[in-house]
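K.L.:
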Amino acid sequence: MRIRSLGVIDDAVVELSPGFTAVTGETGAGKTMVVTSLGLLLGGRADPALVRIGAKSAVVEGRIAVPAGAPAVVRAE
Numbered sequence: 070m071r072i073r074s075l076g077v078i079d080d081a082v083v084e085l086s087p088g089f090t091a092v093t094g095e096t097g098a099g100k101t102m103v104v105t106s107l108g109l110l111l112g113g114r115a116d117p118a119l120v121r122i123g124a125k126s127a128v129v130e131g132r133i134a135v136p137a138g139a140p141a142v143v144r145a146e
């Protein structure tokens with residue numbers, strides 16, 4: 070997942086692996102923005118107030134690897 074200009078995050082790449090993932094860090098490090106980014110990728114409503122100060126827009130990109138032969142459904146509204 071790539072996050073650009075969202076809250077305190079200028080530009081970051083977060084790689085998630087199968088299984089349990091814990092997001093930890095100091096106060097103000099961007100943990101909430103990482104979780105918010107996941108919500109946006111899952112179709113959550115974007116809040117313009119989350120765009121980084123000084124930026125015109127924020128971008129969250131995701132790539133999901135699906136094993137060959139596995140069922141996959143894609144829906145965007």
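Converting from the sequence shown to the working numbering requires adding 69 to each position, the first position being numbered 1.
Built from N, CA and C at the ideal position, the CB exists for glycine as well.
Using 10 angstroms around the beta-carbon of serine 106, count the other beta-carbons present and answer buried if the total reaches 16, otherwise exposed.
P.N.:
Stepping through the sequence shown from its first residue, residue 106 is reached at position 37. Serine 106 comes out buried.
K.L.:
Give the C-beta separation of arginine 71 and alanine 127 to the nearest angstrom, bearing in mind that I take them to be a contact with Cβ-Cβ under 8 Å.
P.N.:
The residue labelled residue 71 in the question sits at position 2 within the sequence shown. The residue labelled residue 127 in the question sits at position 58 within the sequence shown. About 11 Å; that fails the 8 Å criterion.
K.L.:
On the premise that glycine 76 lies in contact with arginine 114, defined as a C-beta separation below 8 Å, what is that separation, rounded to the nearest angstrom?
P.N.:
As a working mapping, residue 114 is identified with position 45 in the sequence shown. As a working mapping, residue 76 is identified with position 7 in the sequence shown. About 16 Å separates the two Cβ atoms, so there is no contact after all.
K.L.:
Starting from aspartate 80, follow its DSSP beta bridges and name the residues at the other end.
P.N.:
As a first step, residue 80 is located in the sequence shown; it is residue number 11 there, counting from the start. Looking at the DSSP assignment, aspartate 80 forms a beta bridge with Arg73.
K.L.:
Run through DSSP, which three-state label would valine 103 get?
P.N.:
For the purposes of this step, residue 103 is taken as the residue at position 34 of the sequence shown. If DSSP states are grouped into helix, strand and coil, valine 103 belongs with the helices.
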